[in-house]
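Chains Z and A, in that order, are what the protein sequence lines are.
Start counting the first sequence at 1; every next residue gets the next number (this note's numbering).
Start counting the second sequence at 115; every next residue gets the next number (this note's numbering).
For glycine and all other residues, C-beta sits at the position ideal for the given N, C-alpha and C.
All of these numbers come straight from a predicted model, not from anything done at the bench.
Below is one structure, written out as structure tokens; comments come after it.
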Amino acid sequence: AQTVTQSQPEMSVQEAETVTLSCTYDTSESNYYLFWYKQPPSRQMILVIRQEAYKQQNATENRFSVNFQKAAKSFSLKISDSQLGDTAMYFCAFMIPAGNMLTFGGGTRLMVKP
Amino acid sequence: KAGVTQTPRYLIKTRGQQVTLSCSPISGHRSVSWYQQTPGQGLQFLFEYFSETQRNKGNFPGRFSGRQFSNSRSEMNVSTLELGDSALYLCASSLGNLQGQETQYFGPGTRLLVL
């Protein structure tokens with residue numbers, strides 16, 4: 001079974017600064033996908049970024065990038081130039097290709113302060 | 115493309131009743147997955163349907179069931195409601211072909227309160 005751990009329950013950052021959210025996971029699989037989802041107060045779960053384990057290059061999406069360390073089973077999310085709209089719960093999630101189901105971490109509540 | 119839609123958005127039921135939630139996936143998506151989100155247990159996978167068949171199932175009691183129709187719309191049913199079933203129920207859709215492009219897109223959720 002896979003497990004996903006987010007060790008930071010809450011974080012805060014000043015607007016325009018950079019923040020990094022941590023995620024570690026445990027699996028015996030060699031091929032898998034990792035995701036970061038954002039859940040703002042509206043509760044709509046929004047995909048932020050996706051990473052395939054077989055790709056060595058770290059995924060980026062505008063101000064969002066990941067640091068994927070496969071050997072360490074670490075998948076952190078960096079948010080650059082933080083904006084007030086980034087305030088949300090952030091969930092790290094894991095999926096194996098053969099099973100279309102996500103395993104989520106406990107989430108990190110991020111507050112962006114003006 | 116329209117996103118994933120879920121109805122109703124809010125529900126209040128009493129213990130012992132049953133409830134049916136509905137989810138319409140993104141056009142072209144054939145897989146629908148359901149998740150339960152609670153403050154205590156976080157996000158937990160309930161089940162996944164693909165081409166009208168349950169393909170994956172989480173660790174929930176038999177009171178939780180679902181089905182999928184030929185147009186890929188899915189319903190989730192909870193019978194004999196318990197207080198602990200109060201939660202946000204999230205539906206997610208994806209292509210479902212398991213060919214390396216699977217990404218799940220979520221609906222806005224149905225908030226269920228059991229009194």
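The alpha-carbon separation between A71/Z and F35/Z amounts to approximately 17 Å. Under a 10 Å Cβ-count criterion, L21/Z is classified as buried, with 16 or more other Cβ atoms of the shown protein chains found around its own Cβ. In this structure, R144/A sits near L209/A, with a CB-CB distance shorter than 8 Å. Counted as a single uninterrupted DSSP element, the stretch harbouring I140/A is not any beta strand (DSSP E), since DSSP gives it neither H nor E. Interface residue (Cβ-Cβ distance to chain A less than 8 Å): A72/Z is not classified as such. Listed along the chain, the chain Z residues whose CB falls inside 8 Å of the CB of S200/A amount to none; the nearest CB is some 14 Å away. For F159/A, the chain Z residues whose C-beta falls within less than 8 Å of its own C-beta are M101, L102, T103, listed in chain order.
With a threshold of 16 other beta carbon atoms within 10 Å, K55/Z falls short and is exposed.
Taking all protein chains shown into account, N185/A has fewer than 16 neighbouring C-beta atoms within 10 Å of its C-beta and is therefore exposed.
Your pair S74/Z and T24/Z checks out as a contact, with CB atoms roughly 5 Å apart and the cut at 8 Å. The C-alpha of S80/Z lies about 43 Å from the C-alpha of P175/A. A Cβ-Cβ separation of about 11 Å leaves R181/A out of contact with C137/A under the 8 Å criterion.
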